[in-house]
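If you use mature numbering (1 follows the signal peptide of the UniProt record, and there is no 0), the sequence shown corresponds to residues -24 to -1, 1 to 243, in order. Idealized CB from N, CA, C, for every residue including glycine. Quick notes on the structure that follows.
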Amino acid sequence: MVFPSKPLLCATIWLAVVPKVALSFSSEGREYRQGTALSGWLQNLFPAALQETDDVDKDRQRDFPEQYPATNEINHSIVSGDTGDAQLVRPLLKNTQLESKPLRVVYDANSNGWNYKSFHNAVDGKGAAIIIARGHGTDWFGGYNPKGWAGTGGARPSIAAFLWYTRSDGVPQKLQKVGGGGLACAKDDPDTGIWPGADGLVIPLASGDPKEAQSKLGTYFEKRSDGKQSLFDAGCIKLADLKVLVGEYEDNEAIPYSGAVLDMTSG
C-alpha cells in the first residue's frame, strides 16, 4: 500500500475538517449569501457536522441577538397593552432586547421640553431605547439605541443599533450599522441630545435651535435603497414630534446597560 506524503496527508485532513465559510447579511429586505467553492463539497461529505455548526450559530443568535447586526425581519410579537407609539415601533424590534417587552414613552419633547437636560433626566439609566420623530408633514423616522443613555460621557457602541424611516408604501425600513459597532451612540454627554453615529441622525436639543435635526447616511449607517442619503428628504429639518420609548421592567429586575459602558471601538 502506498501512503501519501506527510504534506499531502495534512492537506487532505485540513480539507476534510475545515468548516464551511459563508457570509450572510440583510440589506433593505434582500438576502445575500456567498460561500466558498468547498462549501457544497463539504456539505455532501459532512452534512451532520455542518448542520450542527449551523444549529449552534442559530442558537447563539437566538440567545444573544444583539451581538449581530439588526435583522430586517418583521417582529410579529403581539404584546398586551401596545397602543399608539408602541404599536408603531413593535414591528422594528425583532431580535432586540425590547422584542416582546412592554414599552412606555419615557421622553416626549412636546411635554418634557425641547432641551438636552430634560432629555437626559428622562432617559438616563432606562436601558435600550427606540427613538421616533417626524418633521412637519414628514413620515416617522428614528433609531434604536441598544445601550441607551447614562449621561456619563463618551460613546456607547453596538453592532445591533439601527436607524429607520418610513418607506413610500408606509412600511418602516431599518438601516443597519456599518463599520462595526463604534459610535452607535456617538455622544452620551449630559449636555448633548440624540446622536446615533457621528452624522446618521443628529438632534442636539441645543438652546439655539432645539428642534433641528440633521441626517447623513452611508458613513455609520447604511444608505436608503431609493438613493437618498438622509432619513428625510432634506439633510436638515425642524421637528414637530420627538419621543423615546423604553422597556418596562419589574422593580427587582435589572436594567441592562443602565450605567456606564466600556467603549473600546471608537478610538
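C-beta contact flag for residue i and residue j at 8 Å
{"i": "A189", "j": "L221", "result": "no"}
{"i": "Q205", "j": "L218", "result": "no"}
{"i": "P122", "j": "Q63", "result": "no"}
{"i": "D167", "j": "Y92", "result": "yes"}
{"i": "A46", "j": "Q149", "result": "no"}
{"i": "D61", "j": "V81", "result": "yes"}
{"i": "I108", "j": "V147", "result": "no"}
{"i": "I213", "j": "G111", "result": "yes"}
{"i": "D164", "j": "G129", "result": "yes"}
Close-in-space but distant-in-sequence residues of the same chain around residue i (CB under 6 Å, 5 per side omitted)
{"i": "G235", "result": "A126"}
{"i": "P133", "result": "G157, G158, A160, D239 and T241"}
{"i": "S3", "result": "Bear in mind that a pLDDT of 40 at S3, under 50, signals an unreliable position, so the model cannot answer this."}
{"i": "G169", "result": "Y92, F95, I179, P180 and L181"}
{"i": "V237", "result": "K123 and R132"}
{"i": "F40", "result": "none"}
Residue i versus residue j: straight-line alpha-carbon distance, rounded
{"i": "Y120", "j": "D185", "result": "24 Å"}
{"i": "V154", "j": "L177", "result": "14 Å"}
{"i": "L181", "j": "G57", "result": "30 Å"}
{"i": "A174", "j": "L207", "result": "14 Å"}
{"i": "I106", "j": "D202", "result": "24 Å"}
{"i": "D115", "j": "S191", "result": "15 Å"}
{"i": "T59", "j": "S53", "result": "13 Å"}
{"i": "N228", "j": "A98", "result": "20 Å"}
{"i": "S183", "j": "L79", "result": "29 Å"}
{"i": "W90", "j": "K187", "result": "7 Å"}
Reference residue i, options the options, closest by Cα
{"i": "V55", "options": "A182, F117, E224 and G118", "result": "E224"}
{"i": "K70", "options": "Y44, G173, A85 and A210", "result": "Y44"}
{"i": "N86", "options": "S201, I106 and F95", "result": "F95"}
{"i": "D209", "options": "N97, E198, I106 and T142", "result": "T142"}
{"i": "P230", "options": "S76, N48, W171 and K102", "result": "According to the sequence displayed, residue 230 carries Ala and not Pro. It is K102."}
{"i": "A162", "options": "R110, S76, F40 and F138", "result": "F138"}
{"i": "F197", "options": "G89, W140, N88 and K187", "result": "W140"}
{"i": "R200", "options": "W90, E226, K187 and S144", "result": "S144"}
{"i": "E226", "options": "K77, N88 and F40", "result": "K77"}
Residues near residue i by beta carbon distance below 8 Å, same chain, minus five either side
{"i": "I50", "result": "P67 and K70"}
{"i": "A104", "result": "T72, Q73, L74, Y120, N121, P122, K123, G124, V222, G223, P232 and Y233"}
{"i": "P172", "result": "I107, G119, N121, A137, L139, A160, C161, A162, Y196 and F197"}
Own chain partners of residue i with C-beta closer than 7 Å, once the 5 adjacent residues on each side are dropped
{"i": "E42", "result": "T72, Q73, P122, S134 and A136"}
{"i": "G211", "result": "Q190, S191 and K192"}
{"i": "N88", "result": "S94 and A98"}
8 Å Cβ cutoff, residue i in contact with chain D
{"i": "A182", "result": "Included in the structure is just one protein chain, with no chain D present."}
Runs of alpha helix (DSSP H) wholly within the stretch 30 to 81 (minimum 4 residues, chain order)
60 to 65
Hey, which unbroken runs of the beta strand (DSSP E) at 3 residues or more fall wholly within the stretch 178 to 220?
188 to 190
Let me know the beta strand (DSSP E) ranges lying completely inside the stretch 123 to 171, each 3 residues or longer, listed in chain order.
138 to 142 and 148 to 152
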